[in-house]
Structure formats: structure tokens, C-alpha cells
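Just so we're aligned, residue 10 is where the sequence shown starts under this note's numbering, counting upward by one. Structure first, commentary second.
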Amino acid sequence: MNIKKLLYITLYACAITLLLLATSCVSTRVEANPYQDSAENIACQKESSWSYFWGLKQKMVSANPEIPDTTCPCAEKAMSWVVTKSSFGDFMLSLVTLGTVNHRTVTYGCARPRDGDGGLDD
10 MNIKKLLYIT LYACAITLLL LATSCVSTRV EANPYQDSAE NIACQKESSW SYFWGLKQKM
70 VSANPEIPDT TCPCAEKAMS WVVTKSSFGD FMLSLVTLGT VNHRTVTYGC ARPRDGDGGL
130 DD
């Protein structure tokens, strides 16, 4: 009877641990100015960022319109905030590959232009 109860407790603990690990992630948010109004509903605000070989070959996620091949430039080169997230799956990928492959999701908010409406939808 005692062994059966211990087995159930162990199974429940494992299930809860797996549930928590599957939903956990690391998130870092950097705000340029917490009082600055940012533009919302920009379709390309979220980018996937991969780095290989311990960061030696990584893709830069840019919102600067002066840099070639920028997918979603911010008006007036102004960003309000940036969030980088790593999920548990991203951590496991990095662990299995011994750090040679890393994934992050970068979400950024473009700041509103200072001179009125700059055509950004909100």
C-alpha cells in the first residue's frame, strides 16, 4: 500500500514538473522610454532569431530602414521596446547541440513618429 501511494505521488510530481517545464520560458524586455507611445498592430513585429556556433554566426534582427534587407523598418529609426524570449524547447535544442544552435524570438515595438501620424495603424 505504501509503495503504491509513493508511486502515485512520484507520477503526479513528474507530471506537474513536465507541465511547468513545457510552459516556462526566459523573457527579457528593454524599454527605451516607458512613457513613449508605441505603434501597435504592425504585422512584422515578431522575428525569429537563430545563432549558430556559440554566436559566431548569427542573424541580426534590425528595424533600421538604412540597413539593407530590413524586413520591417521602424519609421524615423525609432524603437520603443524590445523583448527577447527563449522557450524550454529552445533551451533543450541548445542543450542537445551543446550550444551550437540557439533560438530566440525577438518582438519589438516601433515608436510613434514625433511629428503627428506617420501612417502606422493602431
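All residues carry an ideal CB built from backbone N, CA and C; glycine is no exception. Quantities reported herein were computed from a predicted structural model and do not represent experimental measurements.
DSSP places C23 within a helical segment (H, G or I) once states are collapsed to three. Judged by beta-carbon spacing, K55 lies beyond the 8 Å limit of T93, meaning their Cβ atoms are not closer than that value.
Put simply, the backbone Cα of G64 is about 24 Å away from that of G118. Under the 10 Å beta carbon count, R38 is surrounded by fewer than 16 other beta carbons and is classified as exposed. As a beta-bridge residue in DSSP terms, C119 pairs with M88.
Within the same chain, Cβ atoms closer than 7 Å to the Cβ of S103 are found at V110 and N111, the five residues on either side in sequence being excluded. In this structure, the CA atom of S58 is about 16 Å from the CA atom of M101. Rounded to whole angstroms, the separation of the alpha carbons of T26 and L15 is 16 Å. E56: member of the beta strand (DSSP E) spanning K55 to Y61, first to last residue.
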